[in-house]
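K.L.:
Number of protein chains: 2
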Amino acid sequence: MSYQTSVAQDSLAAAQLEMAGNPNSIALRRPFDPVAHDLEASFRLTRFADLKGRSCKVPQDVLGKLVESLQQDYSQADQDQFMHVAIPRIGIGLDCSVTPLRHGGLCLVQTTDFFYPLVDDPYMMGKIACANVLSDLYAMGVTECDNMLMLLGVSTKMTEKERDVVIPLIMRGFKDSALEAGTSVTGGQTVINPWCTIGGVATTICQPNEYIVPDNAVMGDVLVLTKPLGTQVAVNAHQWLDQPERWNRIKLVVSEEDVRKAYHRAMDSMSRLNRIAARLMHKYNAHGSTDVTGFGLLGHAQNLASHQKNEVSFVIHNLPVIAKMAAVAKACGNMFQLLQGHAPETSGGLLICLPREQAAAYCKDIEKQEGYQAWIIGIVEKGNRTARIIDKPRVIEVPAKD
Amino acid sequence: MSYQTSVAQDSLAAAQLEMAGNPNSIALRRPFDPVAHDLEASFRLTRFADLKGRSCKVPQDVLGKLVESLQQDYSQADQDQFMHVAIPRIGIGLDCSVTPLRHGGLCLVQTTDFFYPLVDDPYMMGKIACANVLSDLYAMGVTECDNMLMLLGVSTKMTEKERDVVIPLIMRGFKDSALEAGTSVTGGQTVINPWCTIGGVATTICQPNEYIVPDNAVMGDVLVLTKPLGTQVAVNAHQWLDQPERWNRIKLVVSEEDVRKAYHRAMDSMSRLNRIAARLMHKYNAHGSTDVTGFGLLGHAQNLASHQKNEVSFVIHNLPVIAKMAAVAKACGNMFQLLQGHAPETSGGLLICLPREQAAAYCKDIEKQEGYQAWIIGIVEKGNRTARIIDKPRVIEVPAKD
């Protein structure tokens with residue numbers, strides 16, 4: 001046991017080297033090197049799930065159907081408890097739950113998410129998973145998380161050695177991200193599973209004024225997006241560097257260097273917390289928000305639209321996309337559905353309804369505080385609670401951070 | 001979609017028939033009939049995971065090793081936050097976490113668990129999964145749960161039809177059990193996975209006097225167990241009815257009728273909430289408790305012993321076992337390790353340290369309220385925080401409930 005533990009320690013040391021002094025700077029982070037961790041050079045974390053780079057979620061319509069049979073028999077008593085928040089109790093898109101508590105006007109705001117490895121760096125995978133779980137709280141404008149649980153599935157196909165190296169790195173990444181968010185991991189569950197899984201639960205107990213019920217969009221609002229699209233395209237393109245027949249499909253539109261830059265931009269983006277974006281929602285009077293993940297920009301926009309109190313619709317004009325990834329998506333035909341708004345994202349940005357006169361200031365403030373752009377991508381008009389992307393949306397190329 | 005939904009509705013109707021009027025009476029419950037749900041007669045929920053009837057947990061020693069590298073670098077700030085509860089923050093055995101909150105002296109008590117199908121009745125599987133998640137709260141003496149999340153993995157190997165029949169039944173069972181516990185399911189996550197998985201999260205926000213820190217056993221206490229052992233043995237034996245080569249190994253010691261009774265006893269036991277057991281812990285001044293699940297009676301006893309403030313050890317003399325299952329376990333050689341205390345249980349009973357003079361009254365009270373026996377199975381003596389079973393423990397045969 002002491003030998004195995006010391007391997008894990010060496011591995012953590014290697015991980016620290018990879019961070020190159022500044023744990024928050026992805027730009028400076030070296031690529032994950034399996035050999036430095038005493039693993040085979042061919043080790044790829046993403047091999048431990050067949051769904052890598054695709055959404056692991058049950059399709060939106062299927063989930064709706066499965067949940068439907070439950071919804072209809074919720075009793076009136078149940079309904080009362082949730083009357084003031086128009087949020088489904090089973091995680092369809094807007095997957096934070098809000099529960100009034102027995103104690104002094106407080107509410108329990110809670111979310112859970114888990115998925116499969118989509119990058120090969122275990123430490124970064126842990127950070128991304130944690131940021132992704134927290135993102136559901138941030139989408140509700142909640143900025144303080146009281147605790148997190150970590151849910152891990154160790155793949156049955158991992159060797160003991162791989163497990164002893166990789167799992168502590170994932171845990172470390174998850175925990176570091178939680179610390180960055182001002183919270184900590186207080187428990188969890190680790191099971192054996194064919195696929196490697198990673199996820200968690202985030203919980204906040206707060207006053208009702210700490211969260212923003214996302215149902216208040218009004219005509220004339222604009223839509224702001226806080227992270228670029230294309231994370232999954234970038235992750236896939238990066239994997240194709242090793243697969244000549246795939247690479248041949250896209251090499252006319254993108255260079256190897258472009259892909260590596262996009263991949264690092266994607267990792268940086270997916271591991272970035274939406275916390276400041278959430279904090280600024282209060283400052284600039286946001287009318288509602290959702291985070292963009294497995295159902296793609298349009299899927300989440302439609303879901304948010306369907307929950308509005310007012311008769312409004314969302315129209316999206318601009319698509320900020322990680323540089324070159326729109327070209328890659330086009331070269332792949334309909335596979336990604338990126339420009340149609342259906343490409344799944346992991347730990348994507350917040351899509352926020354803001355009063356028109358506040359939106360520019362919101363974007364400027366987030367850039368000042370974090371050094372990242374946000375974009376006005378659409379408008380809220382009168383309508384029947386749906387969302388669409390205009391025929392020829394403008395694609396905004398978002399360069400890799402230097 | 002409407003067609004599929006109506007199938008699910010028929011299926012729920014069939015489930016209601018199976019409950020035969022009294023949803024809480026397992027004795028009256030008919031066996032799950034796939035054909036009544038419009039599935040193939042050969043459909044078995046337990047085929048959707050390779051680990052059925054075995055623990056899905058990562059072995060205790062491996063988990064300890066994986067977690068070790070994290071524990072050591074928890075900062076002092078972290079420690080302070082948890083100083084008053086000697087509970088590991090990563091779920092090793094005692095897997096409730098307790099987090100002090102920002103608001104008025106309240107604490108967040110939380111637990112998560114998930115596993116794979118081990119019975120073929122989807123509705124019962126949902127109930128068992130829910131009871132199993134809640135059990136960690138009950139082990140801490142917490143009787144009120146504020147909300148639950150449901151975590152579901154839909155097997156990639158299920159047909160659409162199977163999925164549309166089975167998943168709503170599992171959800172229904174889970175939800176019914178939550179209602180029985182006085183709480184409700186406010187959210188969750190559903191993903192696609194090779195194996196079918198089912199689990200959840202249970203959360204309570206409470207005053208510190210609502211939970212019992214399980215570290216206060218004293219010399220002279222006795223150990224009480226509130227459910228019989230042998231659930232996994234019964235589940236396996238029942239599956240072997242379909243497998244002649246396995247059945248031949250045990251048919252000399254057990255009849256088919258015995259096995260069916262034991263299986264129903266096990267389902268009844270696994271789906272029973274430990275809530276009254278938890279409530280009575282307060283009335284009879286329990287000094288600590290744990291629930292018996294994946295690591296077996298001795299594994300959990302050892303874990304509880306290791307967390308004691310006083311220099312005590314646990315000695316177990318009696319093993320209450322579902323009728324005939326001790327014989328089955330013996331006929332299978334060392335496979336189950338039942339009498340050695342290592343057979344995994346699912347949603348097992350509470351193992352409670354009680355003052356000697358209160359224990360009999362505790363057992364009598366639980367029987368009066370629930371109609372189920374509890375047993376004094378051991379003693380707390382001076383020692384070095386370990387637990388053991390005596391050489392020839394007395395096996396108590398616990399009959400199936402009529």
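Heads up: the sequence lines are chains E and H, in that order. Per full-length UniProt numbering, the very first residue in the first sequence carries number 1; after that it's consecutive. Per full-length UniProt numbering, the very first residue in the second sequence carries number 1; after that it's consecutive. Think of the CB as a built atom: it goes at the ideal place given N, C-alpha and C, for glycine as much as any other residue. On a predicted model such as this, the values are computed, not experimentally measured, just so you know.
Compute the Euclidean distance between the alpha carbons of H:L350 and H:L223, then round it to the nearest angstrom.
P.N.:
Counting from one through the second sequence, the residue named residue 350 of chain H turns up at place 350. Counting from one through the second sequence, the residue named residue 223 of chain H turns up at place 223. Distance between the alpha carbons of H:L350 and H:L223: 10 Å.
K.L.:
Look at the alpha carbon of H:F174 and the alpha carbon of E:L179, and state the distance between them as a whole number of angstroms.
P.N.:
Taking the first residue of the second sequence as position 1, residue 174 of chain H is located at position 174. Taking the first residue of the first sequence as position 1, residue 179 of chain E is located at position 179. H:F174 and E:L179: Cα-Cα distance of roughly 33 Å.
K.L.:
Short of 7 Å in beta carbon distance, which residues of its chain neighbour E:D215, apart from the five on each side in sequence? Order them along the chain.
P.N.:
Your numbering for residue 215 of chain E matches position 215 in the first sequence. Excluding residues within five positions, the ones whose Cβ falls inside 7 Å are A86, G288, H307, Q308, K309.
K.L.:
Kindly indicate which three-state DSSP category E:M140 falls into: helix, strand or coil?
P.N.:
To locate residue 140 of chain E, count along the first sequence from 1; it is residue 140. Of the three classes helix, strand and coil, the one that applies to E:M140 here is coil, per DSSP.
K.L.:
By Cβ distance below 6 Å, which residues in the same chain neighbour E:N274 in space, the five residues on each side in sequence not counted?
P.N.:
By one-based count along the first sequence, residue 274 of chain E stands at place 274. Once the five neighbours on either side are set aside, the close Cβ partners of E:N274 are S135, Y138, L350.
K.L.:
Please work out which residues of its chain come closer than 6 Å, Cβ to Cβ, to E:W240, disregarding the five sequence neighbours upstream and downstream, and give them in chain order.
P.N.:
Translated into the one-based positions of the first sequence, residue 240 of chain E becomes position 240. So the qualifying residues of the chain are R246, W247.
K.L.:
Can you name the residues that DSSP bridges to E:M148?
P.N.:
Within the first sequence, the letter at position 148 stands for residue 148 of chain E. In the DSSP output, where bridge partners are listed per residue, E:M148 has E:V185, E:A202.
K.L.:
Quick check on E:A361: does DSSP put it in helix, strand or coil?
P.N.:
Residue mapping note: residue 361 of chain E aligns to position 361 of the first sequence, counting from 1. Of the three classes helix, strand and coil, the one that applies to E:A361 here is helix, per DSSP.
K.L.:
For a contact defined as C-beta to C-beta under 9 Å, what are the partners of H:H103 on chain E?
P.N.:
Taking the first residue of the second sequence as 1, we reach residue 103 of chain H at position 103. Those are H103, G104, L106, I205, C206, Q207, listed as they occur along chain E.
K.L.:
Looking at chain H, is there any beta carbon in it that lies within less than 8 Å of the beta carbon of E:F43?
P.N.:
The sequence position of residue 43 of chain E within the first sequence is 43, counting from 1. Judged by the 8 Å Cβ criterion, E:F43 is not in contact with chain H.
K.L.:
Hey, out of H:I376, H:A387, H:N384, H:C96, whose CA is closest to H:V395's CA?
P.N.:
Position 395 of the second sequence, counted from the first residue, corresponds to residue 395 of chain H. Checked all of H:I376, H:A387, H:N384, H:C96; the closest Cα to H:V395 is H:I376.
K.L.:
In terms of DSSP beta bridges, what is E:S289 paired with?
P.N.:
For this step, residue 289 of chain E is matched to residue 289 along the first sequence. DSSP output for E:S289 lists E:I352 as bridge partner(s).
K.L.:
Would E:L106 be called buried (16 or more neighbouring beta carbons within 10 Å of its own) or exposed?
P.N.:
On the first sequence, position 106 is the one that residue 106 of chain E refers to. By the 10 Å Cβ count, E:L106 comes out buried.
K.L.:
Any chance the segment 316-324 of chain H sits against the segment 381-397 of chain H, with 3 or more Cβ pairs inside 8 Å?
P.N.:
yes
K.L.:
Can you list, in chain order, the residues of its chain with a C-beta nearer than 6 Å to that of E:Q112? Leave out the 5 residues immediately preceding and following it.
P.N.:
Locating residue 112 of chain E in the first sequence gives position 112, counting from the first residue. According to the sequence displayed, residue 112 of chain E carries Thr and not Gln. Only V201 meet the Cβ criterion.
K.L.:
Would DSSP call E:C96 helix, strand or coil?
P.N.:
Within the first sequence, residue 96 of chain E is the residue found at index 96, counting from 1. Looking at E:C96 - three-state DSSP - the assignment turns out to be coil, as it is neither helix nor strand.
K.L.:
Leaving out five residues before and five after E:Q337 in sequence, what residues of the same chain have Cβ atoms less than 6 Å from its Cβ?
P.N.:
Within the first sequence, the letter at position 337 stands for residue 337 of chain E. Here the set comprises A343.
K.L.:
Checking contacts by CB at 8 Å: is H:F114 closer than that to chain E?
P.N.:
In the second sequence, counting from the first residue as 1, residue 114 of chain H sits at position 114. It does: the Cβ of H:F114 has a partner Cβ on chain E nearer than 8 Å.
K.L.:
From H:T386, H:S255, H:I250, pick the residue whose C-alpha is nearest to that of H:A217; which is it?
P.N.:
Within the second sequence, residue 217 of chain H is the residue found at index 217, counting from 1. Nearest of H:T386, H:S255, H:I250 to H:A217, Cα basis: H:T386.
K.L.:
Give me the Cα-Cα distance between H:T186 and H:K330, rounded to the nearest whole angstrom.
P.N.:
Translated into positions along the second sequence, residue 186 of chain H becomes position 186. Translated into positions along the second sequence, residue 330 of chain H becomes position 330. Near 44 Å, if we compare the C-alpha coordinates of H:K330 and H:T186.
K.L.:
State the Cα-Cα distance for the pair H:M219 and E:I205, rounded to the nearest angstrom.
P.N.:
In the second sequence, counting from the first residue as 1, residue 219 of chain H sits at position 219. In the first sequence, counting from the first residue as 1, residue 205 of chain E sits at position 205. Spanning the two alpha carbons is a distance of roughly 39 Å.
K.L.:
Measure from the alpha carbon of E:G296 to the alpha carbon of each residue in E:L225, E:V328, E:G333, then state which is nearest.
P.N.:
Translated into positions along the first sequence, residue 296 of chain E becomes position 296. Nearest of E:L225, E:V328, E:G333 to E:G296, Cα basis: E:L225.
K.L.:
Could you check where the alpha helix (DSSP H) with H:P244 kicks off and where it finishes?
P.N.:
Residue numbering aside, residue 244 of chain H sits at position 244 when the second sequence is read from its first letter. 244-250 is the extent of the alpha helix (DSSP H) around H:P244.
K.L.:
Looking at C-alpha atoms only, which residue of E:E357, E:A277, E:A359, E:I170 is the closest neighbour of E:V119?
P.N.:
Position 119 of the first sequence, counting from 1, holds the residue named residue 119 of chain E. Per the Cα distances, E:I170.
K.L.:
In chain H, which residues lie with their C-beta within 7 Å of the C-beta of E:P194?
P.N.:
Position 194 of the first sequence holds residue 194 of chain E. Those are P194, W195, listed as they occur along chain H.
K.L.:
Any C-beta of chain H sitting closer than 8 Å to the C-beta of E:Q189?
P.N.:
On the first sequence, position 189 is the one that residue 189 of chain E refers to. So yes, E:Q189 belongs to the interface.
K.L.:
Could you check where the alpha helix (DSSP H) with H:P168 kicks off and where it finishes?
P.N.:
The residue given as residue 168 of chain H occupies position 168 in the second sequence. Looking at the DSSP string, the run of the alpha helix (DSSP H) that includes H:P168 is 160-180.
K.L.:
Could you list the residues in the segment 250-271 of chain H with a C-beta less than 9 Å from some C-beta on chain E, going in chain order?
P.N.:
none
K.L.:
Can you confirm whether H:N310, when its beta carbon is compared against all beta carbons of chain E, has any partner nearer than 8 Å?
P.N.:
The residue given as residue 310 of chain H occupies position 310 in the second sequence. Not one chain E Cβ lies under 8 Å of H:N310.
K.L.:
Using Cβ-Cβ distances below 9 Å, what residues of the segment 129-157 of chain H are close to chain E?
P.N.:
E144, D146, N147, L149, M150, L151, L152, G153, V154, T156
K.L.:
Helix, strand or coil: which one does DSSP assign to E:P34?
P.N.:
Within the first sequence, the letter at position 34 stands for residue 34 of chain E. DSSP places E:P34 in helix when its eight states are reduced to three.
K.L.:
For H:N334, does the three-state DSSP call read helix, strand or coil?
P.N.:
Your numbering for residue 334 of chain H matches position 334 in the second sequence. Residue state, collapsed to three classes: coil.
K.L.:
On the DSSP letters alone, give me the boundaries of the alpha helix (DSSP H) that E:L241 sits inside.
P.N.:
The residue you call residue 241 of chain E lines up with position 241 of the first sequence. Careful: E:L241 lies outside any alpha helix (DSSP H) and carries neither H nor E.
K.L.:
Counting only beta-carbon separations shorter than 8 Å, does H:Q110 have a partner in chain E?
P.N.:
Position 110 of the second sequence, counted from the first residue, corresponds to residue 110 of chain H. Cβ-Cβ to chain E under 8 Å: yes for H:Q110.
K.L.:
Ordered along the chain, which non-local residues of its own chain (more than five positions away) have a Cβ less than 8 Å from that of E:E367?
P.N.:
Taking the first sequence and counting its residues from 1, the one referred to as residue 367 of chain E is at position 367. Here the set comprises Q373, A374.
K.L.:
In angstroms, rounded to a whole number, what distance separates the CA positions of E:V142 and H:V328?
P.N.:
Working through the first sequence from its first residue, we reach residue 142 of chain E at position 142. Working through the second sequence from its first residue, we reach residue 328 of chain H at position 328. Going from the Cα of E:V142 to the Cα of H:V328 covers about 54 Å.
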